[in-house]
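*Asks:* Residue numbers (our numbering), protein chains in the order written: chain A, 1 to 122; chain C, 1 to 756. I have a structure here, written as structure tokens, and I will follow up with some questions on it.
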Amino acid sequence: MPDSSLKSEALLEQMKLHIATNAGKELTKKIGLVYQLNIAPKKMGIDEKVFVVDLKEGKVYEGSYKGKPDATFSFADDDFLAVATGKMNPQMAFIRGKMKIKGSMSAAQKFTPDIFPKPSKL
Amino acid sequence: MAMRDLVTGEPSCAVPGTSSSNPLAALTNKILGSSNKAQELKGLPGTSVTVPDASSDFRTEAPLSTIPGSEHEGQQYQPPDVQNSEFLRQVHSVAHGDPAGAWGEIHQPTILPHAPGRGIAPPYAEFEQIYDQSASSLPQPTLDGSPQRVLSSFLHSFVDSGRSGVPFHPAALPMLGLSEGDKQCIRDRSCIMARHIFADKSEEYINTQVNALLHSLDIDSDHRVRGHIRGAYPELEEYWTESQGAMNPRMPHLASKWASEFSQQTEQSDPEAWVNSFEQIHGANGWASEFEQEQTQMTLFGQTGDYMSKMLAMEQTHMLAHTLAQNTDPKFQNSKFLQFVSKMSRGELIVDENQIKPATGSVSSGWADEFQTQHSANPNSWADQFDREELSNGANKWANEFASERILQKVEDQWVSEFSNLHIQDWADEFGQQFNGDVSGEGLADDWADSYGNFLNEQLVSFRKQSDSSRGVYEFSDLNPYVGHPNPLKEGQELFRKGLLSEAVLALEAEVLKNPENTEGWRLLGITHAENDDDQQAIASMMRAQEVDPGNLEVLLALGVSHTNELEREEALKYLYRWLQNHPKYGSLAPPELADSLYYGDIVRLFNEAAQLAPEDADVHIVLGVLHNLSREYDKAIIAFETALKLKPRDYSLWNKLGATQANSSLGADALYAYQQALDLKPNYVRAWANMGISYSNQGMYGESIQYYVRALSMNPKAETVWQYLRTSIELASRHDLFAACDSRNLDILQKEFPL
Numbered sequence: 001m002p003d004s005s006l007k008s009e010a011l012l013e014q015m016k017l018h019i020a021t022n023a024g025k026e027l028t029k030k031i032g033l034v035y036q037l038n039i040a041p042k043k044m045g046i047d048e049k050v051f052v053v054d055l056k057e058g059k060v061y062e063g064s065y066k067g068k069p070d071a072t073f074s075f076a077d078d079d080f081l082a083v084a085t086g087k088m089n090p091q092m093a094f095i096r097g098k099m100k101i102k103g104s105m106s107a108a109q110k111f112t113p114d115i116f117p118k119p120s121k122l
Numbered sequence: 001m002a003m004r005d006l007v008t009g010e011p012s013c014a015v016p017g018t019s020s021s022n023p024l025a026a027l028t029n030k031i032l033g034s035s036n037k038a039q040e041l042k043g044l045p046g047t048s049v050t051v052p053d054a055s056s057d058f059r060t061e062a063p064l065s066t067i068p069g070s071e072h073e074g075q076q077y078q079p080p081d082v083q084n085s086e087f088l089r090q091v092h093s094v095a096h097g098d099p100a101g102a103w104g105e106i107h108q109p110t111i112l113p114h115a116p117g118r119g120i121a122p123p124y125a126e127f128e129q130i131y132d133q134s135a136s137s138l139p140q141p142t143l144d145g146s147p148q149r150v151l152s153s154f155l156h157s158f159v160d161s162g163r164s165g166v167p168f169h170p171a172a173l174p175m176l177g178l179s180e181g182d183k184q185c186i187r188d189r190s191c192i193m194a195r196h197i198f199a200d201k202s203e204e205y206i207n208t209q210v211n212a213l214l215h216s217l218d219i220d221s222d223h224r225v226r227g228h229i230r231g232a233y234p235e236l237e238e239y240w241t242e243s244q245g246a247m248n249p250r251m252p253h254l255a256s257k258w259a260s261e262f263s264q265q266t267e268q269s270d271p272e273a274w275v276n277s278f279e280q281i282h283g284a285n286g287w288a289s290e291f292e293q294e295q296t297q298m299t300l301f302g303q304t305g306d307y308m309s310k311m312l313a314m315e316q317t318h319m320l321a322h323t324l325a326q327n328t329d330p331k332f333q334n335s336k337f338l339q340f341v342s343k344m345s346r347g348e349l350i351v352d353e354n355q356i357k358p359a360t361g362s363v364s365s366g367w368a369d370e371f372q373t374q375h376s377a378n379p380n381s382w383a384d385q386f387d388r389e390e391l392s393n394g395a396n397k398w399a400n401e402f403a404s405e406r407i408l409q410k411v412e413d414q415w416v417s418e419f420s421n422l423h424i425q426d427w428a429d430e431f432g433q434q435f436n437g438d439v440s441g442e443g444l445a446d447d448w449a450d451s452y453g454n455f456l457n458e459q460l461v462s463f464r465k466q467s468d469s470s471r472g473v474y475e476f477s478d479l480n481p482y483v484g485h486p487n488p489l490k491e492g493q494e495l496f497r498k499g500l501l502s503e504a505v506l507a508l509e510a511e512v513l514k515n516p517e518n519t520e521g522w523r524l525l526g527i528t529h530a531e532n533d534d535d536q537q538a539i540a541s542m543m544r545a546q547e548v549d550p551g552n553l554e555v556l557l558a559l560g561v562s563h564t565n566e567l568e569r570e571e572a573l574k575y576l577y578r579w580l581q582n583h584p585k586y587g588s589l590a591p592p593e594l595a596d597s598l599y600y601g602d603i604v605r606l607f608n609e610a611a612q613l614a615p616e617d618a619d620v621h622i623v624l625g626v627l628h629n630l631s632r633e634y635d636k637a638i639i640a641f642e643t644a645l646k647l648k649p650r651d652y653s654l655w656n657k658l659g660a661t662q663a664n665s666s667l668g669a670d671a672l673y674a675y676q677q678a679l680d681l682k683p684n685y686v687r688a689w690a691n692m693g694i695s696y697s698n699q700g701m702y703g704e705s706i707q708y709y710v711r712a713l714s715m716n717p718k719a720e721t722v723w724q725y726l727r728t729s730i731e732l733a734s735r736h737d738l739f740a741a742c743d744s745r746n747l748d749i750l751q752k753e754f755p756l
């Protein structure tokens, strides 16, 4: 069990499995971009964990991307979850200052709830 | 309209004995009168509508006691919505028939007429009418020796002419120096008033009268003047209307629903009884004193507001506005977002909020301020409040709402300071760069600008969520038919057994309201919510159950499961460990000192020991399965659930747990089989239907996923998460035509499009 209690990690773990499925491969074909996520437990920028969602190679892992990601996002844990599950749309998150973007705007535009699998409920 | 009719004793609905001391009458007039603040809404899309100086007028409003039956009555009484003019037209048309028939006919749900000459959609038009008209119902301040006085007496003579039935003759008046706004006010008002006063006369007669009046005042009687002003900004109107539609999907039905509710009221009892019962419940003064308390709190809050941070925010938004203004896209230039930012940079928005002054004046003017603040801050809240008002039973509820709105302001305030902390300069730079440098996505500006429209609304929604459920506070439904039921628990159990989950929720809520100390009521309520796919409510009710009975194993397990679903790992661990501690057989395994520092590994080890101790106990395997879900060791979790299922093959929730675990580890096909088992055992298991949708969606089968989501929603339309997922699936299925149906939560259309 990883010692971190980021909720986002649970979702990214599912993403890791998801990306290997047919639907996941479809995604890499459709988007083909590399996103880096900096996710902080509470406040953006503090104690961030870095993840890479590589929709070019079809990989999800913890750590920084070697090279330049198409877009880098900063989130607090809950806000990433809200965006990934469609509770808050990314534009809204940006306007509210809940999401910081670095990199290409058009790449950022393709960062939508659609790319993440939805967690099922026990 | 109905409310004012009811309390002020207008001819259509006479209430003898409702005197000026009636607090409800005062209340109504305050509500309807003060809604003129919404006029400011029109400023938002950037049209140059002249807004009469509403705030100053409002302060000088005639005292409450003048309202019913006084000489101001004709002016005060204004039908505040379109429906009323429709109403009057109908009265007029049946004026010579029998009144009872006319009454009935009027209260048929009427189709609202489009406002002629205005290029705006009906839902908004309707509301705007309300605003316009109630704005125009401002009493003219009777100032000495001023043109106002002349005007006032002139208008009175007009009203009197209606009473005496003598045609009104134009008169020569001195120059009054009316502004465009005033004129507009008078024009609108006199038209409506005339309809009212001359309800027994013909349309032509009314028109002649109005024209005579307007002519004397040198006012152009062409109603389309306003339409023309608006017409200059067709695009803006579109934006505005669109966003209004999106923000208030229920608005179109509002007026007619209200009307029908009103007609129910009148069927049930005569209006006086209603007024009396109101006074009985709250006392003539109870409400006022309650309100005063609120007011004091308001004042306190107003003083604590940090003025400096607002100034800072203003400064920084100014820079942002500057950057944004560099963008030349006309659509973006006209966008509400930019309007908002520039407003904020000019300090308009913040100044509005600062109007929460120490309420040294009368309570009523304090309220006016409050209302205005609400309005400028959240155009939506008024409508929203109305909507909820309509569902609620009494004014008490309204007072509560008032209190919560007040908290909302705090949120608004927080937001302002949060905004100012965001290093706007960086943000603005970044935004500007990205905008100018990399505008390859088409309609980029639109997207961003549009989404601002949802911003306030979203804030409201998220606030409500945040304030209630996730803090573990149970949110009761309004209007519960089971309150007063002799045995709601039994009824709830029965409904639950039949699979009518949403109905069972109501019955069980009635039970826990009646017996708040009943663990079983809370527990079953929690289970029902979980099966209805609402974990937050499930958690809230289970926590209440746990307060009453801290050692209840089912409750502890349910809390563990729901927190796992919400990805709240520590909470989940805590409850699952307590399950072990409180278990009669395995309790001895759990050393109490562990409770202070829960390590996942220790807990799993203990449960494995328990499983060895009693391999035939399905419950231990279930908890193990949940624990492995927490650690995302899905393969182990699947084994645990499968073991449990061998022991309890007819446990539908267990099938669902297996399915969900399989789905989370991307074994979609297996998951579908497990869910199907669950649904065979319990056909109305909303959670399993929703999970089916998720599973299809994750497998890229969006059409199917929509079918299942819609099915789940048809059983529980309150499942917020499912609505979000549905929207995503609609997007992915490229069925943009269904967004409107989804946003307005129109299940009929969705079910027709995606039958299962």
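Built from N, CA and C at the ideal position, the CB exists for glycine as well. Computed from a predicted structure; not experimentally measured.
(1) According to DSSP, Ala40(A) sits in a beta bridge with which residue or residues?
(2) Within its chain, find whatever has a CB closer than 7 Å to the CB of Val686(C); leave out the 5 residues flanking it on each side and keep chain order.
(3) What is the DSSP secondary structure of Ile706(C), counted as helix, strand or coil?
(4) Which partner residues does Lys49(A) have in the DSSP bridge list?
(5) Using a C-beta cutoff of 8 Å, does Thr564(C) count as contacting chain A?
(6) If the cut is a Cβ gap below 7 Å, which residues of chain C does Lys118(A) touch?
(7) Counting only beta-carbon atoms, is Gln123(A) nearer than 8 Å to chain C?
(8) Is it a yes or a no for the stretch 102 to 116 of chain A touching the stretch 69 to 85 of chain A, going by three-plus beta-carbon pairs under 8 Å?
(9) Within a Cβ cutoff of 8 Å, which residues of the same chain sit near Leu65(A), ignoring the five residues on either side of it in sequence?
(10) Can you tell me whether Asn22(A) is buried or exposed, with buried defined as 16 or more other CB within 10 angstroms of its CB?
(11) Sorry if obvious, but does the Cβ on Ser74(A) come closer than 7 Å to a heavy atom of the ligand MG?
(12) Hey, does Asp651(C) have any beta-carbon neighbour from chain A nearer than 8 Å?
(13) Out of Ile730(C), Lys682(C), Leu681(C), which one is the CA nearest neighbour of Gly693(C)?
(14) State yes or no: is the beta carbon of Asn518(C) nearer than 8 Å to at least one beta carbon in chain A?
(15) If we ignore side chains and look at the alpha-carbon of each, how far apart do Ile572(C) and Gly560(C) end up?
(16) Should Glu48(A) be flagged as near chain C, meaning a C-beta pair shorter than 8 Å?
(17) Measuring CB to CB, does Gly63(A) end up less than 8 Å from Gly24(A)?
(18) Under 7 Å, CB to CB, which of the residues in the stretch 622 to 634 of chain C have a partner in chain A?
(19) Rounded to whole angstroms, what is the Cα-Cα separation between Lys752(C) and Gly499(C)?
(20) Please report how far the alpha carbon of Ser597(C) lies from the alpha carbon of Lys574(C), in whole angstroms.
(21) Note down, in chain order, every chain A residue with its Cβ under 8 Å from the Cβ of Val561(C).
(22) Have a look at Val710(C), Leu679(C), Gln546(C) and flag the residue whose alpha-carbon is nearest the alpha-carbon of Asp651(C).
(23) Assuming Glu62(A) is part of the beta strand (DSSP E), what are its boundary residues?
(24) What do you get for Tyr599(C), buried or exposed, if any count of 16 or more other CB atoms within 10 angstroms of its CB means buried?
(25) Could you name the residues of the same chain whose beta carbon sits closer than 6 Å to that of Arg578(C), not counting the 5 residues immediately before and after it, in chain order?
(26) Consider the Cβ of Lys657(C): report whether some Cβ of chain A lies at a distance smaller than 8 Å.
(27) Tell me whether the stretch 544 to 554 of chain C and the stretch 97 to 108 of chain A touch, counting them as touching only if at least three CB pairs, one residue from each stretch, are closer than 8 Å.
(28) Tell me, please, which residues DSSP counts as bridged to Ala212(C).
(29) Which of the three DSSP states is assigned to Gly32(A) in this structure?
(30) Using the C-alpha atoms, what's the distance from Lys43(A) back to Asn684(C)?
(31) Please classify Ile527(C): does DSSP put it in a helix, a strand, or coil?
(32) Our contact map puts Lys98(A) next to Asp79(A) with C-beta atoms below 8 Å; I'd like the distance itself, whole angstroms only.
(33) For Tyr482(C) versus Glu491(C), is the C-beta spacing smaller than 8 Å?
(34) How about Arg632(C) and Ala10(A): are their beta carbons less than 8 Å apart?
(35) Please state whether the Cβ-Cβ distance between Ala644(C) and Ile622(C) is less than 8 Å.
(36) Can the beta-carbon of Asn698(C) be found closer than 8 Å to that of Lys118(A)?
*Replies:* So, from the listed chains and residues:
(1) Within the first sequence, residue 40(A) is the residue found at index 40, counting from 1. Its beta-bridge partners are Ala76(A).
(2) For the purposes of this step, residue 686(C) is taken as the residue at position 686 of the second sequence. Non-local C-beta neighbours of Val686(C) in its own chain, meaning closer than 7 Å and more than five positions away in sequence, comprise Leu501, Glu531, Asn532, Asp533, Ala712, Met715, Asn716, Ala719, ordered along the chain.
(3) Translated into positions along the second sequence, residue 706(C) becomes position 706. Three-state result, Ile706(C): helix.
(4) As a first step, residue 49(A) is located in the first sequence; it is residue number 49 there, counting from the start. The partner list for Lys49(A) (beta bridge, DSSP) reads Ile39(A).
(5) Within the second sequence, numbered from 1, the residue matching residue 564(C) stands at position 564. At least one beta carbon of chain A lies nearer than 8 Å to the beta carbon of Thr564(C).
(6) The residue you call residue 118(A) lines up with position 118 of the first sequence. Per Cβ cutoff of 7 Å: Ile694, Ser697, Asn698, Tyr725.
(7) Here chain A covers residues 1 to 122 and nothing more, so residue 123(A) does not appear.
(8) Yes, they touch.
(9) Residue numbering aside, residue 65(A) sits at position 65 when the first sequence is read from its first letter. Checking the sequence, you will find Tyr at residue 65(A) rather than Leu. Correct list, in chain order: Val34, Gln36, Val52, Asp54.
(10) As a working note, residue 22(A) is residue 22 in the first sequence. Per the 10 Å Cβ criterion, exposed.
(11) This structure lacks the ligand MG, and indeed carries no ligand of any kind.
(12) Within the second sequence, residue 651(C) is the residue found at index 651, counting from 1. Not a single C-beta of chain A is nearer than 8 Å to the C-beta of Asp651(C).
(13) Counting from one through the second sequence, the residue named residue 693(C) turns up at place 693. Check the Cα spacing between Gly693(C) and each of Ile730(C), Lys682(C), Leu681(C): the tightest is with Ile730(C).
(14) Start at 1 with the first residue of the second sequence, and residue 518(C) comes out as number 518. Under the 8 Å criterion on CB atoms, Asn518(C) is classed as non-interfacial with respect to chain A.
(15) Translated into positions along the second sequence, residue 572(C) becomes position 572. Translated into positions along the second sequence, residue 560(C) becomes position 560. The sequence shown places Ala at residue 572(C), rather than the Ile named in the question. Computed Cα separation, rounded: 4 Å.
(16) Taking the first sequence and counting its residues from 1, one reaches residue 48(A) at position 48. The beta carbon of Glu48(A) sits no closer than 8 Å to any beta carbon of chain C.
(17) Counting from 1 along the first sequence, the entry for residue 63(A) is found at position 63. Counting from 1 along the first sequence, the entry for residue 24(A) is found at position 24. No.
(18) Within the stretch 622 to 634 of chain C, the residues whose Cβ lies closer than 7 Å to some Cβ of chain A are Val626, Asn629, Ser631, Arg632, listed in chain order.
(19) The residue given as residue 752(C) occupies position 752 in the second sequence. The residue given as residue 499(C) occupies position 499 in the second sequence. Taking C-alpha positions only, Lys752(C) is separated from Gly499(C) by approximately 24 Å.
(20) Numbered from 1 along the second sequence, position 597 holds the residue referred to as residue 597(C). Numbered from 1 along the second sequence, position 574 holds the residue referred to as residue 574(C). When rounded, the distance between both Cα atoms is 10 Å.
(21) Translated into positions along the second sequence, residue 561(C) becomes position 561. Within 8 Å Cβ-Cβ: Leu122.
(22) Taking the first residue of the second sequence as position 1, residue 651(C) is located at position 651. Closest by alpha carbon: Leu679(C).
(23) Along the first sequence, read from residue 1 onward, the residue named residue 62(A) stands at position 62. 59 to 62 is the span of the beta strand (DSSP E), which, as asked, contains Glu62(A).
(24) Numbered from its first residue, the second sequence carries residue 599(C) at position 599. Around the beta carbon of Tyr599(C), a 10 Å sphere encloses fewer than 16 other beta carbons of the protein chains shown; the residue is thus reported as exposed.
(25) The residue labelled residue 578(C) in the question sits at position 578 within the second sequence. Here the set comprises Leu556.
(26) Indexing the second sequence from 1 puts residue 657(C) at position 657. For Lys657(C), the answer is yes, since a Cβ of chain A falls inside 8 Å of its Cβ.
(27) No, because fewer than three Cβ pairs between the stretch 544 to 554 of chain C and the stretch 97 to 108 of chain A fall closer than 8 Å, the two stretches do not touch.
(28) As a working mapping, residue 212(C) is identified with position 212 in the second sequence. According to the DSSP secondary-structure assignment, Ala212(C) is paired through a beta bridge with no residue.
(29) On the first sequence, position 32 is the one that residue 32(A) refers to. Three-state result, Gly32(A): coil.
(30) In the second sequence, counting from the first residue as 1, residue 684(C) sits at position 684. In the first sequence, counting from the first residue as 1, residue 43(A) sits at position 43. Rounded to the nearest angstrom, the two C-alpha atoms are 41 Å apart.
(31) Residue numbering aside, residue 527(C) sits at position 527 when the second sequence is read from its first letter. It is helical.
(32) Sequence index remark: in the first sequence, residue 98(A) carries index 98 (1-based). Sequence index remark: in the first sequence, residue 79(A) carries index 79 (1-based). At roughly 4 Å, the Cβ-Cβ gap stays under 8 Å, so Lys98(A) and Asp79(A) are in contact.
(33) Numbered from 1 along the second sequence, position 482 holds the residue referred to as residue 482(C). Numbered from 1 along the second sequence, position 491 holds the residue referred to as residue 491(C). For Tyr482(C) and Glu491(C), yes; Cβs fall inside 8 Å.
(34) In the second sequence, counting from the first residue as 1, residue 632(C) sits at position 632. In the first sequence, counting from the first residue as 1, residue 10(A) sits at position 10. By the CB criterion at 8 Å, Arg632(C) and Ala10(A) fall inside the cutoff.
(35) Working through the second sequence from its first residue, we reach residue 644(C) at position 644. Working through the second sequence from its first residue, we reach residue 622(C) at position 622. Against a cut-off of 8 Å, the Cβ pair of Ile622(C) and Ala644(C) comes out as a contact.
(36) To locate residue 698(C), count along the second sequence from 1; it is residue 698. To locate residue 118(A), count along the first sequence from 1; it is residue 118. Taking the C-beta atoms as reference points, Lys118(A) is found nearer than 8 Å to Asn698(C).
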